[in-house]
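So for the sequence shown, UniProt numbering puts the first residue at 1; every next one is plus one. Just so it is clear, CB atoms sit at the ideal spot from N, CA and C, and this is done for glycine as well.
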Amino acid sequence: MVQTVVISGASGLLGRAVYATFKKHGVNTIGLAHSRVSGDLVKLDLTNQSQVEEFFEKTKPSVFIHCAAERRPDVSENDKTHTDNLNIQVPEFLAKMSAKHNSELIYMCSDSLFDGKNPPYDVDSEINPINYYGKSKLGGERAIHRVYPRAISVRLPVLYGDVEYPEETSINILVSIVKNTSVKKAVDDWGVRVPTNVEDIAECLYQVTEKLKEKSSNFPNIIHLSAHKTLTKYDMCKIFGKILNINIDHIEPLTDVPIDSAAPRPKDCHLATGKTEALGISPCSTDFETWFKHHLEAKGDMY
1 MVQTVVISGA SGLLGRAVYA TFKKHGVNTI GLAHSRVSGD LVKLDLTNQS
51 QVEEFFEKTK PSVFIHCAAE RRPDVSENDK THTDNLNIQV PEFLAKMSAK
101 HNSELIYMCS DSLFDGKNPP YDVDSEINPI NYYGKSKLGG ERAIHRVYPR
151 AISVRLPVLY GDVEYPEETS INILVSIVKN TSVKKAVDDW GVRVPTNVED
201 IAECLYQVTE KLKEKSSNFP NIIHLSAHKT LTKYDMCKIF GKILNINIDH
251 IEPLTDVPID SAAPRPKDCH LATGKTEALG ISPCSTDFET WFKHHLEAKG
301 DMY
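And the structure:
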């Protein structure tokens with residue numbers, strides 16, 4: 001029987017990388033999108049349960065990789081109803097459909113489940129989200145496991161990659177800030193990030209699906225994927241300034257807890273990945289500076 005892998009959010013940064021990676025490996029892949037449908041992506045409103053049920057009946061996916069979400073912490077803080085719908089109710093219904101059709105479900109979760117006070121965090125570390133985005137992603141994780149215990153939650157850090165526009169990630173947009181030397185800007189030098197390349201994540205997810213084909217009953221239902229180089233946003237700006245040969249005196253490092261955003265941010269949610277790598281899943285090893293050097297040589301005019 002031919003394996004069919006379905007990827008939601010396939011028009012987004014992570015979803016595009018996952019879709020391309022599975023296609024590259026010759027997998028029969030269906031990409032779903034809602035607001036940005038292009039190419040051979042299929043339009044589907046994940047909040048419409050009858051549409052989702054009909055889609056499952058028609059395609060009977062072997063694996064459903066759920067990349068779609070409300071990922072903006074400030075939006076989540078200000079619109080909890082919208083966030084609950086996308087980040088809790090949608091994955092819960094996908095879990096029901098996956099259980100009904102015996103499909104593997106892989107849910108993209110977040111390091112924002114942790115409070116950032118005691119990194120690194122393992123899969124069994126204490127959960128304590130400090131903003132509504134983190135609470136909603138935890139709600140989604142708990143919902144899928146309540147409905148479908150074998151569903152896999154993949155906890156991820158902040159991501160970067162080949163964006164369609166600079167604002168698509170909180171990392172890539174920093175390049176625009178570095179290049180716009182006429183505007184003074186204050187940038188966070190307090191919060192520690194672990195920026196991870198979406199292509200690394202996509203390849204790891206492919207390896208997870210290969211492991212799931214073995215039908216081993218002991219594959220964990222929570223895994224961590226992450227790079228391990230820790231940087232503040234100001235550190236990243238210094239790297240971009242170095243690559244572009246731009247003085248960043250117009251950027252002021254903020255060393256105190258950020259107070260100008262709707263959602264509080266945890267300080268350092270570095271994820272431990274040793275248990276994932278022990279499963280035979282590759283580490284996320286793309287070097288941040290090297291990747292951006294090549295990216296900006298090719299697409300620097302975008303910023």
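Bridge partner(s) assigned by DSSP for F292: Mapped onto the sequence shown, residue 292 falls at position 292. Its beta-bridge partners do not exist; DSSP assigns none.
Check your understanding: Could you give the residue range of the beta strand (DSSP E) that holds A186?
Key -> Position 186 of the sequence shown holds residue 186. From DSSP, the beta strand (DSSP E) with A186 extends over 185–188.
ask   = Helix, strand or coil: which one does DSSP assign to H270?
value = The count along the sequence shown starts at 1 and reaches residue 270 at position 270. Looking at H270 - three-state DSSP - the assignment turns out to be coil, as it is neither helix nor strand.
contact_flag[the region 257–273, the region 106–118] where n(CB pairs < 8 Å) is 3 or more = yes
**Item:** Outcome for T290 when other beta-carbon atoms lying within 10 angstroms are tallied against a minimum of 16
**Value:** Translated into the one-based positions of the sequence shown, residue 290 becomes position 290. It is exposed - the Cβ of T290 has fewer than 16 other Cβ atoms within 10 Å.
message = Please return the same chain residues whose Cβ sits closer than 7 Å to the Cβ of D188, not counting the five positions on each side in sequence.
response = For the purposes of this step, residue 188 is taken as residue 188 along the sequence shown, with counting starting at 1. Closer than 7 Å at Cβ, skipping near neighbours: T232, K233, Y234, L254, P258.
task = Return the CA-CA distance between Q3 and N247, expressed in angstroms with no decimal places.
result = Against the sequence shown, residue 3 aligns to sequence position 3. Against the sequence shown, residue 247 aligns to sequence position 247. Each residue's Cα considered, the two are about 51 Å apart.
**OP:** Would you mind stating whether V123 and I65 have Cβ atoms separated by less than 9 Å?
**Re:** One-based indexing of the sequence shown puts residue 123 at position 123. One-based indexing of the sequence shown puts residue 65 at position 65. The answer is no: Cβ separation not under 9 Å.
Verify whether the separation of the beta carbon atoms of residue 313 and N180 is less than 9 Å. Coverage of the chain is limited to positions 1 through 303, which leaves residue 313 absent and any answer about it impossible.
| request: Taking V237 as the reference, give the member of F292, E126, Y121, K211 with the closest Cα. | output: For the purposes of this step, residue 237 is taken as the residue at position 237 of the sequence shown. Sequence check: residue 237 is Cys here, not Val. Considering only alpha carbons, the answer is F292.
### Query
Looking at the unbroken beta strand (DSSP E) that takes in L105, where does it start and where does it end?
Locating residue 105 in the sequence shown gives position 105, counting from the first residue. Segment 104–110, the beta strand (DSSP E) holding L105.
Practice task
Have a look at P195 and L225 and give me their C-alpha separation to the nearest angstrom.
Solution key: Residue numbering aside, residue 195 sits at position 195 when the sequence shown is read from its first letter. Residue numbering aside, residue 225 sits at position 225 when the sequence shown is read from its first letter. The alpha-carbon atoms of P195 and L225 are separated by roughly 11 Å.
Query raised in the report: Hey, quick one: how far does the alpha helix (DSSP H) through R142 stretch, first residue to last?
Result: Numbered from its first residue, the sequence shown carries residue 142 at position 142. Residues 132–147.
Coarse secondary structure for A43, derived from DSSP in three states = Here residue 43 is taken as the residue at index 43 of the sequence shown, counted from 1. Going by the sequence as given, residue 43 is Lys instead of Ala. The answer is strand: DSSP assigns K43 an E or B state.
Would you kindly report the start and end of the unbroken alpha helix (DSSP H) that includes residue 304? The question about residue 304 has no answer, for the chain in this structure spans 1 to 303.
Assuming A10 and A202 are in contact, meaning their beta carbons sit under 8 Å apart, how far apart are those beta carbons, in whole angstroms? Taking the sequence shown and counting its residues from 1, the one referred to as residue 10 is at position 10. Taking the sequence shown and counting its residues from 1, the one referred to as residue 202 is at position 202. Their Cβ separation, rounded to whole angstroms, is 11 Å, which puts A10 and A202 out of contact at 8 Å.
Status (buried if at least 16 other CB within 10 Å, exposed otherwise) for H294: Stepping through the sequence shown from its first residue, residue 294 is reached at position 294. Exposed, since its Cβ has fewer than 16 Cβ neighbours within 10 Å.
- Message: The alpha helix (DSSP H) that contains G241, what's its start and end?
- Response: Numbered from its first residue, the sequence shown carries residue 241 at position 241. Start and end: 233–244.
Name, in chain order, the residues that DSSP records as bridge partners for G31. Within the sequence shown, residue 31 is the residue found at index 31, counting from 1. G31 is bridged to I7.
Around the C-beta of T29, are 16 or more other C-beta atoms found within 10 angstroms, so that it is buried, or is it exposed?
-> Here residue 29 corresponds to residue number 29 of the sequence shown, with the count starting at 1. Answer is buried; the Cβ neighbour count reaches 16.
Between the region 128–135 and the region 71–82, do three or more beta carbon pairs fall short of 8 Å?
-> yes
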